Amino acid sequence: MNSTAREQLKEKKRIVIKIGSSSLTHEETGDLNFAKIEHLVRLIADLRGMGKEVVLVSSGAIAAGRQALGCQKPTTVAEKQAYAAVGQARLMMVYQKLFSEYNQTAAQVLMTKNTIIDNTSRENARNTFDELLKLGTVPIVNENDTVSTYEIKFGDNDRLSAIVAALINADLLILLSDIDGLYSDDPKKNPDAKFIPQVDELTDELMSMGKATTGSDVGTGGMAAKLFAARIATHSGSDMVIANADHVEVIWEILSGASCGTLFTAHRNSEFALLDYIESVH
342 MNSTAREQLK EKKRIVIKIG SSSLTHEETG DLNFAKIEHL VRLIADLRGM GKEVVLVSSG
402 AIAAGRQALG CQKPTTVAEK QAYAAVGQAR LMMVYQKLFS EYNQTAAQVL MTKNTIIDNT
462 SRENARNTFD ELLKLGTVPI VNENDTVSTY EIKFGDNDRL SAIVAALINA DLLILLSDID
522 GLYSDDPKKN PDAKFIPQVD ELTDELMSMG KATTGSDVGT GGMAAKLFAA RIATHSGSDM
582 VIANADHVEV IWEILSGASC GTLFTAHRNS EFALLDYIES VH
């Protein structure tokens, strides 16, 4: 493993952090885990204090809506959209309150695939992110689940966070999930699965490894989605790390150069065009 690549993570300035639904909710009830969210917010506020720019891609809107409404897990698209409408406002209220306690300002950015496909919308989105970061805010991004049935059925925030990282020319993308990183096989099913600490080339063989593995049943992104995200991020010039969100301090460890999670090193594709990757999302 190349320790130099890990050391270079200390210097990253524009960082996208993605955290999934299963990492923001209590396993027993599916309700929001406020202690964990508060811890994440405090950590991001410290990163801002160090002069770093941070964009947070946060799941949890549907879970927050279900909690607020006191309903069971949604089963239809209409229920999911209604829960998201309530939950997105609730989730932002939580983030706004917590960030303000640390003298930081959170900003909401809701996106759909059309935001990126349309040339004008994509440029507007890029300019908005640049201005929000220039103003010292923490943009909090989610898919606009309330109106976007395609994303609810097939989308996931792993891909969305990679698209955001590419859009804003981020230095680093951190995917926080319920797994430690990339393995040679699904470690939940195969005890002999080998952990892979660093990936310098996303080969076809590696990409096919993700096809058979899935993540938690709370979120929508399995390993295949994370590898697809790695392809977008690394080809756009951003390093990416997959790490376990059990303890959000793992963000500090990653940024201190420690060997945790799986690091995918950037190898910018000179012909990189974000639209090519959007159109291949099925």
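Quick note: the sequence shown, position 228, residue 569 per this note's numbering, numbers continuous.
Even glycine gets a Cβ: it sits at the ideal position worked out from N, Cα and C.
Nothing here was measured: the structure is a model prediction, and the numbers come from that model.
Here Ile458 is exposed. Its C-beta has fewer than 16 other C-beta atoms within 10 Å.
Assignment of beta-bridge partners to Tyr524 by DSSP yields Phe536. DSSP, read as helix, strand or coil, puts Thr416 in coil. The C-beta distance from Ser344 to Ala404 rounds to 38 Å, too long to fall under 8 Å, and the pair is not in contact. Judged by pairs of C-beta atoms under 8 Å, the segment 413-420 does not touch the segment 517-536, as fewer than three such pairs exist. Taking 4 residues as the minimum length, the alpha helix (DSSP H) runs contained wholly in the segment 547-606 are 564-577 and 591-596, in order along the chain. Here DSSP, grouped into helix, strand and coil, assigns Lys454 to helix. When Cβ pairs closer than 8 Å are counted between the two stretches, the segment 445-454 is seen to touch the segment 477-486, the count reaching three or more. Short of 6 Å from the beta carbon of Ser400, and not among the five residues preceding or following it, lie these beta carbons of its own chain, in chain order: Gly361, Ser362 and Asn498. Rounded to whole angstroms, the separation of the alpha carbons of Thr606 and Asp541 is 5 Å. Taking all protein chains in view, the Cβ of His576 is crowded by 16 or more other Cβ atoms within 10 Å, so the residue is classified as buried. Going by DSSP, Arg609 is part of no alpha helix (DSSP H) at all; its letter is neither H nor E. Nearest in C-alpha terms to Met581, of all of Ala386, His588, His608 and Ala614, is His608. From the listed residues Val395, Phe375, Glu368 and Phe569, the smallest Cα separation to Asp617 is found for Phe569. In its chain, beyond the 5 residues on either side, Asp372 and Leu373 have a beta carbon closer than 7 Å to the beta carbon of Gln408.
In the DSSP assignment, the residues bridged to Thr366 are Leu373. Spanning the alpha carbons of Ile592 and Lys438 requires a straight line of approximately 22 Å.
In chain order, Leu508 and Ile509 place their CB closer than 8 Å to the CB of Arg467, counting only its own chain and leaving out the 5 sequence neighbours on each side. About 3 Å separates the beta carbon of Gly602 from that of Ala584, a gap short enough to meet the 8 Å contact definition.
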